[in-house]
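What follows is a set of notes on a single structure, which appears directly below.
In the working numbering, the protein residues as written are 1473 to 1811.
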């Protein structure tokens, strides 16, 4: 594979200089403005490969979003945005679009224009089984509803509250289509089946570079969990306005458990993606340095777990044998022989 051109290297080094600053000071091209902690090591590893550099990323997220009312209202400044909200700026070969406030104006699937985030987490959310009352309603900034929560009156407009789980997404700029090819192949093999090359201006412009989007919709989860009805005869909406739930606390707990489980699958796919990318780009996975401590190949882990389980089983049988009368005969599977 040909060496990356000088123009690509200049752009890559600029990105790497930004990545070298401390986490609290780093900003990237995503509207959130920083790299999620869960994939910072993966970003580092990818950027060690010649001809590749990450431009924006998201480790995955659980979110609760109140959709907008169709008007281009000012984006809530306290909202948390990240790569899932990006638009591709193909003219510049970059990922991410900022509003004048430095944030995106974005509506998830099914939205009605600018809305606001009620909850966002980029890692699994611990479920406190001992917490009483409407713990998740409070966490998601929802008020338990009544039988009329979802009824639309003639004088009002209904805005839905949606629970989302969205898996990892990466945008990786490549020096050429040949450099982009193994990224796309690794992503597809790892289960990120909706991945693709989002900019082909490189075919006609030597200063443009292909961008590979690593993504998957198969793990995504979405459910309507509440609503907000705004009447035309009442005061304008303020921060005191609340969204009402149309589901139970148990239903929210079930959704969160599903999302946490999908975070695990997301992490497994992420590791498979990295392992395959190393193999395709180098032929020898150990050639690319990695700072990730504690990573273990899935097959090696399964074998280790089997061996650990066998050792525990043997130890348990020996402990039971030691507690019996030494004169009591024991057969080969640890059972007391009869008469």
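Ideal Cβ placement from N, Cα and C applies to all residues, glycine included.
In whole angstroms, give me the CA-to-CA distance for residue i and residue j.
i: residue 1684; j: residue 1782; result: 44 Å
i: residue 1725; j: residue 1478; result: 52 Å
i: residue 1489; j: residue 1586; result: 33 Å
i: residue 1695; j: residue 1723; result: 10 Å
i: residue 1740; j: residue 1537; result: 27 Å
i: residue 1513; j: residue 1531; result: 11 Å
i: residue 1491; j: residue 1742; result: 20 Å
i: residue 1730; j: residue 1509; result: 22 Å
i: residue 1516; j: residue 1678; result: 26 Å
i: residue 1604; j: residue 1721; result: 10 Å
i: residue 1535; j: residue 1637; result: 7 Å
i: residue 1524; j: residue 1787; result: 50 Å
i: residue 1656; j: residue 1667; result: 7 Å
i: residue 1559; j: residue 1597; result: Interpretation of residue 1559 is limited by its pLDDT of 35, a score under 50 that renders its predicted location unreliable; the figure taken from the coordinates is listed afterwards. Between residue 1559 and residue 1597, the C-alpha separation is close to 27 Å.
i: residue 1527; j: residue 1591; result: 25 Å
i: residue 1599; j: residue 1727; result: 11 Å
i: residue 1481; j: residue 1474; result: 13 Å
i: residue 1485; j: residue 1521; result: 13 Å
i: residue 1640; j: residue 1691; result: 10 Å
Tell me where the beta strand (DSSP E) around residue i begins and ends.
i: residue 1675; result: Note, residue 1675: premise wrong, no beta strand (DSSP E); not H, not E.
i: residue 1645; result: 1641-1646
i: residue 1591; result: 1588-1593
Who pairs with residue i in a beta bridge, going by DSSP?
i: residue 1685; result: 1643 and 1668
i: residue 1533; result: 1638
i: residue 1721; result: Residue 1721 pairs with nothing; no bridge assigned.
i: residue 1526; result: 1644
i: residue 1716; result: 1615 and 1699
i: residue 1728; result: Residue 1728 pairs with nothing; no bridge assigned.
i: residue 1693; result: 1637
Can you name the start and end residues of the alpha helix (DSSP H) that residue i belongs to?
i: residue 1540; result: Taken as a continuous stretch (DSSP letters only), residue 1540 belongs to no alpha helix (DSSP H), as it is neither H nor E.
i: residue 1604; result: Here residue 1604 belongs to no alpha helix (DSSP H), and DSSP marks it neither H nor E.
i: residue 1479; result: 1478-1491
i: residue 1650; result: 1649-1662
i: residue 1515; result: 1512-1518
Is residue i near the ligand GTP, with its Cβ less than 7 Å from a heavy atom?
i: residue 1529; result: For the structure depicted, the ligand GTP is absent and the ligand set is empty, with no information on it obtainable.
Review point. Touch check for the region 1663-1679 and the region 1598-1614: three-plus C-beta pairs under 8 Å?
Key: Flag = no, the region 1663-1679 and the region 1598-1614 do not touch.
Check your understanding: Counting Cβ pairs closer than 8 Å, one from the region 1688-1701 and one from the region 1628-1637, do we hit at least three?
Key -> The region 1688-1701 is in contact with the region 1628-1637.
Review point. Quick one: any contact between the region 1712-1726 and the region 1679-1693, if contact means 3 or more CB pairs under 8 Å?
Key: Taking 8 Å as the limit for Cβ pairs, the verdict is that the region 1679-1693 does not touch the region 1712-1726.
Check your understanding: Can you find at least 3 beta carbon pairs, one from the region 1725-1736 and one from the region 1644-1652, that sit closer than 8 Å?
Key -> Segments in contact, no.
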